[in-house]
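For the sequence shown, this note's numbering begins at 460 and goes up steadily by one. We put the CB at the ideal spot given by N, CA and C, even for glycine. Remarks on the structure that follows.
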Amino acid sequence: MAGKEFVVLAEKFPMFSFAGEADLWLASINLPGKKKKLLLVQLRERRVTQFETRKIIGVGLDYTAEGNFSIVFNDLKLRSFASDAFAIGHELGHTFGFDLTRTPPSPMINHTSLDYSYYDERGRWKGCHLEDFCNAFAGQWLLRNGRALIVRACRNQYSTIHGYNVTIDPCSIIET
Ligand SMILES: [Zn+2]
């Protein structure tokens, strides 16, 4: 079933040079014989230091004042813990399209470009490979961590990221 098995992103998305790095990073979350990498460590490695809710369309990445990443949740529509969990995974996927050695991380590709779009035989827009990559990444990320753990982490900070227009430090995520 889709999203329930491990896939090799580099094979699925050969157009993205960073897909292989994403595969390695995903594998590093739970290496055999090692303790699972904590969620907070994962976020730090991808330079996500802030969550925000804003009245925006869609979920997105923004820069913090310090030049790290903030994941901005869409507060215009009804959210759920499951959708927040997926959104974090999706935005972590986007971080692979940035050079994290720079401050702020600089985009290596145009994240809003239509270059990665694909069309049906009549030329109608069907989707975007980059967004598909981030969705596939999110599925893999949830699989590696255990979807339930991430959903619980989102629920644990319900009062801070859900439904309030506030900024919080992901350090307040409680993994239980
Ligand atoms: Zn996206």
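Rounded to whole angstroms, the Cβ separation of C587 and Y575 is 5 Å, and the two are in contact under 8 Å. The alpha helix (DSSP H) runs lying completely inside the stretch 553-582 and spanning 4 residues or more number zero. Of all alpha-carbon atoms in D543, I568, D558, A607, the one lying nearest the alpha-carbon of N594 is that of D543.
In the displayed model, K493 falls within coil according to three-state DSSP, outside both helix and strand. Comparing alpha carbon positions, the residue from V518, L537, A541, E504 closest to N527 is E504. Nearest in C-alpha terms to L499, of all of T523, L551, T512, is L551.
Distance from the CA of D591 to the CA of F532, rounded to the nearest whole angstrom, comes to 19 Å. Residue Q599 holds the alpha-carbon nearest to the alpha-carbon of N489 among Q599, H553, S529, L537.
Taking the Cβ of C593 as the reference point, at least one heavy atom of ligand 1 falls within a distance shorter than 6 Å. Bridge partners of C587 according to DSSP: S576.
Inclusion of G556 and L601 in the CB contact set at 7 Å is not warranted, their separation being larger than that value. Approximately 19 Å separates the beta-carbon atoms of L589 and R506; this is outside 8 Å, ruling out the contact.
Here the alpha carbon of K514 sits roughly 43 Å from the alpha carbon of G492. The secondary-structure analysis by DSSP pairs R513 across a beta bridge with N533. Burial state of V518 is buried, judged by a 10 Å Cβ sphere holding 16 or more other Cβ atoms.
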